[in-house]
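Right, one structure below, let's go through it.
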Amino acid sequence: MVVDVVNSKAGIPGSGDVPVAMTFTSDLAKFVATALTLPKWEQETYLTGDKLTWNQLVELIEAVKGVKSPYPYISDEQLQPMIAILGLMFERGVFDLRVETSIMQDFPDLKLRSMKELLEEAYKLKV
Numbered sequence: 001m002v003v004d005v006v007n008s009k010a011g012i013p014g015s016g017d018v019p020v021a022m023t024f025t026s027d028l029a030k031f032v033a034t035a036l037t038l039p040k041w042e043q044e045t046y047l048t049g050d051k052l053t054w055n056q057l058v059e060l061i062e063a064v065k066g067v068k069s070p071y072p073y074i075s076d077e078q079l080q081p082m083i084a085i086l087g088l089m090f091e092r093g094v095f096d097l098r099v100e101t102s103i104m105q106d107f108p109d110l111k112l113r114s115m116k117e118l119l120e121e122a123y124k125l126k127v
């Protein structure tokens, strides 16, 4: 997360002027539940709850909280080491979530697609 609303802190990547699509996960769940009733789905479907720049988001936060806070910008040069850190996090298993704590255990009949299945399905659509 780029912006820590509670503590009024942020690291804005670049200029902060590039639009970003933002959607709450609870809205995503509502969208999926509703979209299941559609008679036909497009090959690609996107959901965008809102689209604004990081600078606009900061302005909204300040207006809602009634507090102005300094939000530093992170230059392209400063972003490069962060990307490297992200790569290290992958290599160190930070994103290797433990199966034993997955909520999926509570839904044994719910079958999610594996990456293999997803790739095979996507490839067949393009052939």
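full-length UniProt numbering applies: residue 1 is where the sequence shown begins, and numbers increase by one. Here a beta-carbon is modelled for each residue, glycine too, at the ideal position from N, C-alpha and C.
Cβ-heavy atom distance, residue i to the ligand ADP, below 7 Å
| i | result |
| --- | --- |
| G16 | With respect to the ligand ADP, the structure shown offers nothing to examine, as it has no ligands at all. |
First through last residue of the beta strand (DSSP E) which encompasses residue i
| i | result |
| --- | --- |
| K30 | Here K30 belongs to no beta strand (DSSP E); instead the alpha helix (DSSP H) covers 25-35. |
| residue 131 | This structure does not reach residue 131, given that the chain is present from 1 up to 127, and the question cannot be answered. |
Cβ neighbours of residue i in the same chain (closer than 7 Å, five flanking residues each side left out)
| i | result |
| --- | --- |
| G16 | T53, W54, N55, Y73 |
| T48 | A21, T23 |
| L79 | P13 |
| Y46 | none |
Start-to-end residues for the alpha helix (DSSP H) that takes in residue i
| i | result |
| --- | --- |
| V64 | 54-65 |
| Q78 | 76-91 |
Inter-residue spacing [alpha-carbon to alpha-carbon] between residue i and residue j
| i | j | result |
| --- | --- | --- |
| P81 | R113 | 33 Å |
| A29 | Q43 | 19 Å |
| V2 | E91 | 22 Å |
Nonlocal neighbours in the same chain, by C-beta distance under 8 Å from residue i, ignoring five residues either side
| i | result |
| --- | --- |
| V67 | S8 |
C-beta contact flag for residue i and residue j at 8 Å
| i | j | result |
| --- | --- | --- |
| K65 | P19 | no |
Residues near residue i in its chain [Cβ-Cβ closer than 6 Å; skip 5 each side]
| i | result |
| --- | --- |
| S75 | none |
Taking 8 Å as the threshold, find out whether the segment 6-16 comes into contact with the segment 51-66 through three or more Cβ pairs.
-> yes
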